[in-house]
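*Asks:* Going by numbering that gives the first Met the number 0, the sequence shown opens with residue 0, and the numbers climb by one from there.
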Amino acid sequence: MDEQLLGKCGYYCGSCPTLIQGICPGCLKAHQTGDCFTRDCVLRQGLTACGECRIFPCETIMTRPRCTVLDKDWLKWKKRTMPIK
0 MDEQLLGKCG
10 YYCGSCPTLI
20 QGICPGCLKA
30 HQTGDCFTRD
40 CVLRQGLTAC
50 GECRIFPCET
60 IMTRPRCTVL
70 DKDWLKWKKR
80 TMPIK
């Protein structure tokens, strides 16, 4: 497993179709501050991944509309924020 493809949320981007097709370089390279709540929270706390947090899974993560990658809401968001060229 390529650790550079392990997202701060714990999702392995290397198994994501958008990365495999070259559409997305992976969340560690693609996101900037403000793009991803989970990434920002992990970086603020100095953690490697969300699962290291003492309160994981927190209520904020569990109640976010895009808490599950590749569900219908996430796919709609992804299409809006990163259109396929």
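Glycine is no exception: its CB is placed at the ideal position from the N, C-alpha and C atoms.
Quick check on DSSP: helix, strand or coil for residue 5?
*Replies:* Residue 5: strand per DSSP, three-state reduction.
*Asks:* Buried or exposed, going by whether 16 or more other CB atoms sit within 10 Å of the CB of residue 53?
*Replies:* Exposed is the call here.
*Asks:* Going by C-alpha distance, which of 42, 5, 12 and 37 is nearest residue 58?
*Replies:* With distances taken between Cα atoms, residue 58 lies closest to 37.
*Asks:* By Cβ distance below 6 angstroms, which residues in the same chain neighbour residue 3 in space, the five residues on each side in sequence not counted?
*Replies:* So no residue of the chain qualifies.
*Asks:* Between residue 5 and chain D, is any beta-carbon pair separated by less than 8 angstroms?
*Replies:* Checking the listed chains, one finds no chain D in this structure; it contains a single protein chain.
*Asks:* Closer than 7 angstroms by C-beta to residue 55: which residues in its own chain qualify, once you throw out the five before and the five after it? Chain order, please.
*Replies:* If we look at residue 55 and ignore the five residues flanking it on each side, its Cβ neighbours are 49.
*Asks:* Per DSSP, what kind of secondary structure is residue 65 in: helix, strand or coil?
*Replies:* With a pLDDT of only 49 at residue 65, under 50, the local geometry of the prediction cannot be trusted, and the value read off the model is given with reservation. Residue state, collapsed to three classes: coil.
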